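**Student:** Each position in the sequence shown, counted from 1, maps to that position plus 623 in our numbering.
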Amino acid sequence: MDHAVDTRATSADAAERPLVVDLDGTLIRSDLLVESWFALLSTAPLRLPAALAALAQGRAAFKARLAAEADLDLARLPFNEEFLAFLRAERARGRRIYLASASDARFVQAVADELGLFDGVFASDGATNLKGAAKARALCAAFGQAGFDYAGNSAADLEVWQAAGRVLAVNVSPTLLRTLTQRFPDAIVIAPKNLARATTSARCGRTSG
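(1) Under 8 Å, with one C-beta from each stretch per pair, do the stretch 776-790 and the stretch 733-750 reach the 3-pair mark?
(2) Check whether the Cβ of G739 lies closer than 7 Å to any heavy atom of the ligand PLP, and answer yes or no.
(3) Report all residues from its chain with a CB closer than 7 Å to the CB of W660; omit the five preceding and five following residues, and keep chain order.
(4) Who are the near neighbours of A778 in its chain, counting only those whose CB is closer than 8 Å to its CB and skipping five residues on each side?
(5) Report the CB separation of S747 from A683 in whole angstroms; it is logged as a contact under 8 Å.
(6) Under the assumption that G681 contacts N752 (Cβ atoms under 8 Å), give the Cβ distance between them as a whole number of angstroms.
(7) For V795, name the three-state secondary structure that DSSP assigns.
(8) Could you please give the first and the last residue of the uninterrupted beta strand (DSSP E) stretch that includes F745?
(9) With a CB to CB cut of under 6 Å and the five nearest residues on each side skipped, what residues in its chain are close to A693?
(10) I'd like the span of the alpha helix (DSSP H) that includes N684, first residue to last.
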């Protein structure tokens with residue numbers, strides 16, 4: 624195949640489960656919190672103190688304030704093109720795909736609308752920072768225990784992978800990859816020029832070594 628990800632790696636049983644995709648560091652090679660901060664810095668720096676003041680109400684409130692103030696150029700975001708090719712192939716075969724992010728819902732929905740690949744979004748809402756255990760709980764509530772596959776890239780995704788039916792690791796660091804191979808030996812690893820086929824038995828609430 625011309626692109627880096629071998630889309631033949633997904634099996635029929637995985638196609639029956641929705642695929643949930645992380646945004647920051649997975650779908651894009653950056654972080655919307657960083658992108659929005661610098662967007663506000665370049666266009667309206669005098670609003671930065673008010674945005675910072677929102678931190679007193681928590682990270683979700685801070686992200687919501689930045690999303691309300693900053694104007695992001697979505698076309699300039701550094702999308703992971705290899706992973707996008709994989710997602711488009713999955714979508715073409717009829718798979719349901721969802722975007723789940725700790726970034727604010729305003730930005731997450733805008734990215735989803737821009738790409739036209741997703742059946743729905745899960746995101747921080749100004750009160751809940753949808754990261755780690757909070758994201759795992761939301762996805763389990765929506766799809767059930769091990770009722771979804773999850774693609775992520777960071778240590779914050781470990782709790783979500785633990786709850787997923789299949790683990791997809793996208794461009795993870797060497798250190799995290801070592802952890803993943805120990806905890807989820809059948810994980811699918813997606814990186815440039817590399818995709819390994821596998822399944823996982825991760826379950827909600829299960830502890831691992």
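Even glycine gets a Cβ: it sits at the ideal position worked out from N, Cα and C. All of these numbers come straight from a predicted model, not from anything done at the bench.
**Tutor:** Taking the definition as stated:
(1) no
(2) Among the ligands in the structure shown, none appear at all, so the ligand PLP cannot be discussed.
(3) As a first step, residue 660 is located in the sequence shown; it is residue number 37 there, counting from the start. Around W660: L689.
(4) Residue mapping note: residue 778 aligns to position 155 of the sequence shown, counting from 1. Only L799, T802 meet the Cβ criterion.
(5) Here residue 747 refers to the residue found at position 124 of the sequence shown. Here residue 683 refers to the residue found at position 60 of the sequence shown. At roughly 5 Å, the Cβ-Cβ gap stays under 8 Å, so S747 and A683 are in contact.
(6) Within the sequence shown, residue 681 is the residue found at index 58, counting from 1. Within the sequence shown, residue 752 is the residue found at index 129, counting from 1. About 7 Å; that satisfies the 8 Å criterion.
(7) Walking along the sequence shown from the start, residue 795 turns up at place 172. If DSSP states are grouped into helix, strand and coil, V795 belongs with coil.
(8) For the purposes of this step, residue 745 is identified with residue 122 of the sequence shown, where counting begins at 1. Run containing F745: 743-747, per the beta strand (DSSP E) assignment.
(9) By one-based count along the sequence shown, residue 693 stands at place 70. So the qualifying residues of the chain are S659, A662, L663.
(10) Here residue 684 refers to the residue found at position 61 of the sequence shown. Looking at the sequence shown, residue 684 is not Asn but Ala. 682-692 is the extent of the alpha helix (DSSP H) around A684.
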